[in-house]
Amino acid sequence: MQEWICHTCDSHLIKGGMPSIAVANSLELAPIPPELEELNVLERQLIAKILPFAKIVALPKGRQRAVHGAVVCVPSEVETMVNSLPRPSAEAQLLQPAEPSNPDGEMETAADATDEWRPSDTDKEKEDLRPGLALDTCMQPPDIAQEVLSYGDGIFKAAPAQGNKPVGFFSTPKLEAMAFPVQFPTGRNTLDEVRQVKLSPSRYFNTRLFCVDTRFAKDQSYLFFAQFVTETHMATCSMSIQMRKGKKNAGDGRRISNKMLQDKVELEKLIQNKEATHFMQPLRGTPAYWEKTLRDLHAMVRQLGKPTFFVTFSAAEMRWPKFMAVIKAQQGEEGTFQGLTGMKM
Numbered sequence: 001m002q003e004w005i006c007h008t009c010d011s012h013l014i015k016g017g018m019p020s021i022a023v024a025n026s027l028e029l030a031p032i033p034p035e036l037e038e039l040n041v042l043e044r045q046l047i048a049k050i051l052p053f054a055k056i057v058a059l060p061k062g063r064q065r066a067v068h069g070a071v072v073c074v075p076s077e078v079e080t081m082v083n084s085l086p087r088p089s090a091e092a093q094l095l096q097p098a099e100p101s102n103p104d105g106e107m108e109t110a111a112d113a114t115d116e117w118r119p120s121d122t123d124k125e126k127e128d129l130r131p132g133l134a135l136d137t138c139m140q141p142p143d144i145a146q147e148v149l150s151y152g153d154g155i156f157k158a159a160p161a162q163g164n165k166p167v168g169f170f171s172t173p174k175l176e177a178m179a180f181p182v183q184f185p186t187g188r189n190t191l192d193e194v195r196q197v198k199l200s201p202s203r204y205f206n207t208r209l210f211c212v213d214t215r216f217a218k219d220q221s222y223l224f225f226a227q228f229v230t231e232t233h234m235a236t237c238s239m240s241i242q243m244r245k246g247k248k249n250a251g252d253g254r255r256i257s258n259k260m261l262q263d264k265v266e267l268e269k270l271i272q273n274k275e276a277t278h279f280m281q282p283l284r285g286t287p288a289y290w291e292k293t294l295r296d297l298h299a300m301v302r303q304l305g306k307p308t309f310f311v312t313f314s315a316a317e318m319r320w321p322k323f324m325a326v327i328k329a330q331q332g333e334e335g336t337f338q339g340l341t342g343m344k345m
């Protein structure tokens, strides 16, 4: 059996150091208990102490998933949420009354024995005069139709993080473990773990998603969570560098004040040099990123000349038999390429 090693680990080991992506660098994953592994997506959200909210949309071409806007992390009260769930009949601590064998006969016997069980005309008149309006009491809700739709079919509505304030990722310790308790059953070896070799967020999430353990790659919410945290870290680092390069005075020599920043005309004069958005260059899709891409294209045209034509190549990986076999094996299924496409190889 042949063993392989990547170039990154090989270069670190030759120098006598530990690779940053090594398991020994506080990247070891504990096995997932069977109780947590069997939970579905909804049940995982009920036990998570932090809920990452994101708006996921489908792209027009290819129908791939994309996140729109920011990923907001909101704390959830797990104990309060679990206590509000309906309990099973065995744990409800309720006494179930036994149905009598002959209720009509028992009622007739009671009516013959006492006068309190005999029907009265006065009670019938009161029932006829009682209005049939919806009463806002604990016995009858004001909106009966909504009550039937909510509880009649066994549907239970709950909002675990309702009323709580969002928290920051880099300011909350162990937020990653609290947001994804199934991936981190012991709550250790997260991004903010103290490591022997420093590991950047982009390198950390890259290691998690491409790990031989597919617990992270299978979770769609973790993928977008990792993307947002990585881009936020890149923007924060670029912003701090840009603030060091900033100047206290405007172009005309005036000192920048709070009043100038609140004035729309003065603010436009200050950002004419586009220094305010220059830190967004590493972030894909931002105006600064596309401006840098346009400049790179112009530089390429000046150096290499005008292109004759542009060509876009596609690997067509969905037509590779080995690629399809690996995907089916990862999903625990067996199948041949001929059976999937109906083509003869």
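Heads up: the sequence shown begins at 1 in the UniProt record's numbering, then just goes up one per residue. Glycine is no exception: its CB is placed at the ideal position from the N, C-alpha and C atoms. None of these values were measured; they are calculated from a predicted model.
Per DSSP, Pro-287 is one residue of the alpha helix (DSSP H) stretching across 287-304. Counting only the Cα atoms, Phe-224 lies some 24 Å from Thr-277. His-278: not part of any beta strand (DSSP E); DSSP gives it neither H nor E. Gln-162 counts as exposed, since fewer than 16 other beta carbons sit within 10 angstroms of its beta carbon. Pro-52 has Cys-73 as its beta-bridge partners, per DSSP.
In the structure shown, Arg-255 falls within a strand segment according to DSSP collapsed to helix, strand and coil.
Taking Val-167 as the centre and dropping the five residues before and after it, the same chain places the C-beta of Ile-50, Cys-73, Val-74, Pro-75 and Leu-175 closer than 8 Å to its C-beta, in chain order.
Between the C-alpha atoms of Met-81 and Ile-21 there is a straight-line separation of about 38 Å. The alpha-carbon of Cys-211 is positioned some 27 Å away from that of Thr-236. Around the C-beta of Arg-65, fewer than 16 other C-beta atoms lie within 10 Å, and the residue is accordingly described as exposed. In this structure, DSSP gives Ala-159 a state outside helix and strand, which the three-state scheme calls coil.
C-alpha of Ala-177 to C-alpha of Lys-218: approximately 17 Å in a straight line. Taking Thr-207 as the centre and dropping the five residues before and after it, the same chain places the C-beta of Ile-21 and Leu-27 closer than 7 Å to its C-beta, in chain order.
Annotation: Ala-316 to Glu-3 spans about 30 Å, alpha carbon to alpha carbon. Separation of the CB atoms of Ala-54 and Val-41 is rounded to 14 Å, and the pair is thereby denied contact status at 8 Å. Within the model, the alpha-carbon separation for Ile-56 versus Val-229 is close to 16 Å.
Rounded to the nearest whole angstrom, the C-alpha separation of Gly-69 and Thr-232 is 12 Å.
Per DSSP, Leu-191 lies in no alpha helix (DSSP H) and is assigned neither H nor E. Residue state for Arg-215 is assigned as coil, using DSSP reduced to three classes. Residue environment for Met-280: buried (at least 16 other C-beta atoms within 10 angstroms of its C-beta).
The continuous alpha helix (DSSP H) containing Gln-330 extends over residues 321-330. Closest by C-alpha distance to Pro-160, out of Ile-47, Tyr-289, Lys-306 and Leu-29, is Ile-47.
Cys-9 and Met-18 have their C-alpha atoms some 8 Å from each other. By DSSP's assignment, Val-67 forms a beta bridge with Ile-56.
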